[in-house]
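In our numbering, the protein residues as written are 399 to 914.
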């Protein structure tokens, strides 16, 4: 038997009276947190959720996320975390594709979630988490999380899941097609959390970690929630990253461990009056999600007397694959070396290793690699070949074995640590009645790393302004996905076969950036 929920259960047995999670004045000790998860597991079982089912959650960084996440695992069901910014059509797609039996949602997202739930008839249970004293009117047939827990015992016999059973399905997407669910096993998630906590971060029992990375994302789940709770540390939660609030919480709660995307470090450094906050308790800082600018890293390290450790991973690798290890000198700009139990290679188009210093595609194998894409055998076979997961990321390895990301095979944009896939935005643009052609690219942005830029041409006789097009996308896409700038051209550059030349669009954008 192996179940990811054991990370919480063992800490609850070891340190029942210690604070596990807190959100400002709200505090839950380990015994209380585990007991609440047990009540939710009993309540979900009463609804009819069984081992092997899928349960989607659309919850912010509050104690509710932690309780519900581990409750689902205790049942032997699989957690399907949804981005809290999703719109109704996106929610419906993910519920249907994952075969979710239930959706647990925070009341603040109920409008879009309820509409998406109605479009997914196979998802039969809607559970709504609410703040104390909430007056939110629930849709017909929905159940409040509080009501689900009433009169339920605070004990639960965790399902005897096996190491290879699915624990979490994390949705990701390529440059073509719809988002795909990466099936991560209990073994994938447990090993990644333990290696992160014990070897990479070397967390201590007195750790206080700031949970402001979204927990619906693999980075936040593994590198913050699962690692800190496994080590019996304390999570102080921040539902939405705001630099001033983050600085206040870090100083107030004496945060020792912070994991963030480069954008967060940029804002923390440049917030007016940031030097007034006492962050002397910080001893471990981690960056991931996208490349950390060396100047930002050096400035943060110098101001706070820490060394930001960069790592690399994907949803498909649970997520951590490589890291700048504490026992080796870090190299700024490098994603480090493979973690324990994981192998990485840089290969050419034929899958052959390339010499040090030459670019190629990163391939990975180890305990962290997913089982496959849910219900996508063809996509799985394309991604995992000969036991190696082919990432689509281009890198080179130096003579010391450190890896450096150079480019991406895919057209994926990383905006503030969120993965954005141009094809999905382009499909929305093509739905606009005035647009004939569309291409979406990432353009450099100092704060976010990349910003989303759309280039379109219009149909003869049609008219539209860039702002109208932006508003059109804004209504149909999550807030981190819609383009912030739109360029209208008479025609888009193409190859002889009619394929739009995105490299020419990127070159033009870079030239404009250089001239401003």
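Yeah, the Cβ is synthetic: ideal placement off N, Cα and C, and Gly gets one too.
So which of the options has the shortest CA-CA distance to residue i?
{"i": "residue 535", "options": "560, 523, 506", "result": "506"}
{"i": "residue 732", "options": "849, 688, 704, 666", "result": "688"}
{"i": "residue 719", "options": "620, 558, 727", "result": "620"}
{"i": "residue 785", "options": "826, 626, 869, 742", "result": "742"}
{"i": "residue 643", "options": "627, 622, 670, 628", "result": "670"}
{"i": "residue 906", "options": "839, 844, 863, 861", "result": "839"}
{"i": "residue 569", "options": "811, 542, 524, 581", "result": "581"}
{"i": "residue 606", "options": "589, 707, 625", "result": "625"}
{"i": "residue 615", "options": "592, 587, 593", "result": "587"}
{"i": "residue 518", "options": "490, 542, 541, 885", "result": "490"}
{"i": "residue 628", "options": "862, 883, 404", "result": "404"}
{"i": "residue 900", "options": "655, 470, 810", "result": "810"}
{"i": "residue 716", "options": "512, 583, 779, 910", "result": "583"}
{"i": "residue 791", "options": "551, 744, 780", "result": "744"}
{"i": "residue 691", "options": "680, 419, 844, 602", "result": "844"}
{"i": "residue 822", "options": "576, 749, 402", "result": "576"}
Give a yes or no on whether the C-beta atoms belonging to residue i and residue j are separated by under 8 Å.
{"i": "residue 630", "j": "residue 765", "result": "no"}
{"i": "residue 836", "j": "residue 818", "result": "no"}
{"i": "residue 802", "j": "residue 794", "result": "yes"}
{"i": "residue 649", "j": "residue 684", "result": "no"}
{"i": "residue 613", "j": "residue 876", "result": "no"}
{"i": "residue 508", "j": "residue 521", "result": "no"}
{"i": "residue 416", "j": "residue 562", "result": "no"}
{"i": "residue 600", "j": "residue 412", "result": "no"}
{"i": "residue 834", "j": "residue 789", "result": "no"}
{"i": "residue 677", "j": "residue 694", "result": "no"}
{"i": "residue 473", "j": "residue 503", "result": "no"}
{"i": "residue 442", "j": "residue 410", "result": "no"}
{"i": "residue 485", "j": "residue 874", "result": "yes"}
{"i": "residue 454", "j": "residue 496", "result": "yes"}
{"i": "residue 565", "j": "residue 476", "result": "yes"}
{"i": "residue 608", "j": "residue 653", "result": "yes"}
{"i": "residue 799", "j": "residue 846", "result": "no"}
{"i": "residue 862", "j": "residue 881", "result": "no"}
{"i": "residue 752", "j": "residue 746", "result": "yes"}
{"i": "residue 721", "j": "residue 709", "result": "yes"}
{"i": "residue 465", "j": "residue 434", "result": "yes"}
{"i": "residue 832", "j": "residue 860", "result": "yes"}
{"i": "residue 738", "j": "residue 622", "result": "no"}
{"i": "residue 514", "j": "residue 617", "result": "no"}
{"i": "residue 471", "j": "residue 456", "result": "no"}
{"i": "residue 578", "j": "residue 418", "result": "no"}
Is residue i close to the ligand HEM? I mean its beta-carbon at under 7 Å from any heavy atom of the ligand.
{"i": "residue 842", "result": "Questions concerning the ligand HEM fall outside what the structure shown contains, since it holds no ligand whatsoever."}
For residue i, report the span of its beta strand (DSSP E) as first-last.
{"i": "residue 793", "result": "786-795"}
{"i": "residue 761", "result": "758-764"}
{"i": "residue 425", "result": "424-427"}
{"i": "residue 885", "result": "883-887"}
{"i": "residue 421", "result": "417-421"}
Starting from residue i, trace the alpha helix (DSSP H) in both directions and tell me its first and last residue.
{"i": "residue 750", "result": "No alpha helix (DSSP H) holds residue 750; DSSP gives it neither H nor E."}
{"i": "residue 412", "result": "404-412"}
{"i": "residue 903", "result": "900-913"}
{"i": "residue 543", "result": "543-547"}
{"i": "residue 781", "result": "775-781"}
Original post:
Which parts of the stretch 649-727 are runs of the alpha helix (DSSP H), unbroken and 4 residues or longer, counting only runs that do not cross its ends?
Top reply: 660-668, 692-702
Subject >> Those runs of the alpha helix (DSSP H) which lie wholly inside the stretch 799-873 and span at least 4 residues >> reply: 820-828, 864-872
Original post:
What runs of the alpha helix (DSSP H), each 4 residues or longer, lie entirely inside the stretch 454-536?
Top reply: 461-473, 486-496, 508-516
**OP:** Inspect the CB distances between the stretch 424-444 and the stretch 460-479 and report whether three or more fall short of 8 Å.
**Re:** Segments in contact, yes.
**OP:** Only counting runs of 3 or more residues, tell me where the beta strand (DSSP E) segments fall wholly within the stretch 617-644, in order along the chain.
**Re:** 632-635
**OP:** Give a yes or no on contact between the stretch 633-647 and the stretch 749-758, applying the rule of three or more CB pairs nearer than 8 Å.
**Re:** no
Subject >> alpha helix (DSSP H) segments (min. 4 residues) lying fully within the stretch 563-613 >> reply: 584-593
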